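Under the working numbering, think of the first position of the sequence shown as 10, with each following residue one higher. Heads up, the beta-carbon is just placed ideally off N, CA and C, and yes, glycines get one too. All of these numbers come straight from a predicted model, not from anything done at the bench. The block underneath contains the structure these notes are about, expressed in structure tokens.
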Amino acid sequence: MTGCIVRCSNIVHDAEGNYKTSALEFETLTLLGANCAIQSWEDVADLDRLCDEIGLDTIEAGAAIAVYMDSGGMEWGDAEGAKNLLREIAEGTELGRAIGNGAAAIGKRQKHHRIPVVKGQALPAWDPRPLKAAGVTYCTSAMGADHTAGLVVDPGQSVDEIARASQDAQIQMAAIDASGFCQFLMPNLQEVADFYSHFTGEKVTAQQIADIGWQCMEDEWAFNRGAGFGPDDDEMPDCMKQDAIGPAKFVWDIPMDVVNAAYKRFEPREELYTGRPS
Ligand code: SF4
């Protein structure tokens, strides 16, 4: 945003001071780094730069490379091989096109059983196995596994809370996106309403802003239905249900009736207006 005082974008140079890339962010470091067992941040910076030049999302690219590695196409941690894979996208080879079309496409090409996508979009670094409400967002968001659609970073919520927490976060993010604010500034809905009240000279309420967010979500869901998406596309992939993570051995174990509760609007509560998206 013009005049932003956060200025979150970093600029990365090598040891000799030469420009490598901008910005090298946490999702990129995770998906193109640890997710592919690539250890050097400088290699990840090179991969990030290649993604920028080719026009790729780094989450999807990292997931696609990792699926290719997991399927036996390449050794884990092969940084130079990963860079060459990205170059193949630019060259338009058959393998490059599959990688460039993302984790679902390369997984299908490889006939691989473990493909971490929802609605064809790769899971980001925010793992839904401990972060259940974030997982509900991935299943019900029109974009699929989109961490910008309503992230909830709270692993301690009960099953009774997660659909509502996801819906609140999705309403907040849709409203913030629609209002023109950057989500990294994390305005709450009351602050967005106050801004527009001053901006227009007319009273705008947080309820109105929340309603705009909900309307965005309904419009996007209607678009998806028209494009042929159905209930089966809301499923978390089997690998998230079967492969446990961490000492607590988290798996995705949320029944679809709990997930589907996020599609029906809850009675708004105060936290929807005053809470900040996480
Ligand atoms: S992405 Fe958002 S927080 Fe970062 S510099 Fe731009 S406006 Fe500011």
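Check                                                                                                    : Outcome
Three or more C-beta pairs below 8 Å linking the region 75 to 90 and the region 135 to 145               : no
Proximity test, residue 193 beta-carbon vs the ligand SF4 heavy atom, cut-off 7 Å                        : yes
First through last residue of the beta strand (DSSP E) which encompasses residue 30                      : 28 to 30
Inter-stretch contact at 8 Å, needing at least 3 Cβ pairs: the region 192 to 201 / the region 111 to 129 : no
Secondary structure of residue 115, DSSP reduced to three states                                         : helix
Check whether residue 172 and residue 145 have beta carbons under 8 Å apart                              : yes
Distance cut-off 7 Å: residue 21 Cβ against heavy atoms of the ligand SF4                                : no
Any non-hydrogen atom of the ligand SF4 within 7 Å of residue 60 CB                                      : no
Heavy atom of the ligand SF4 within 7 Å of residue 18 beta-carbon                                        : yes
Between the CA atoms of residue 85 and residue 79 - distance to the nearest angstrom                     : 8 Å
For residue 61 and residue 211, the rounded distance between their alpha carbons                         : 42 Å
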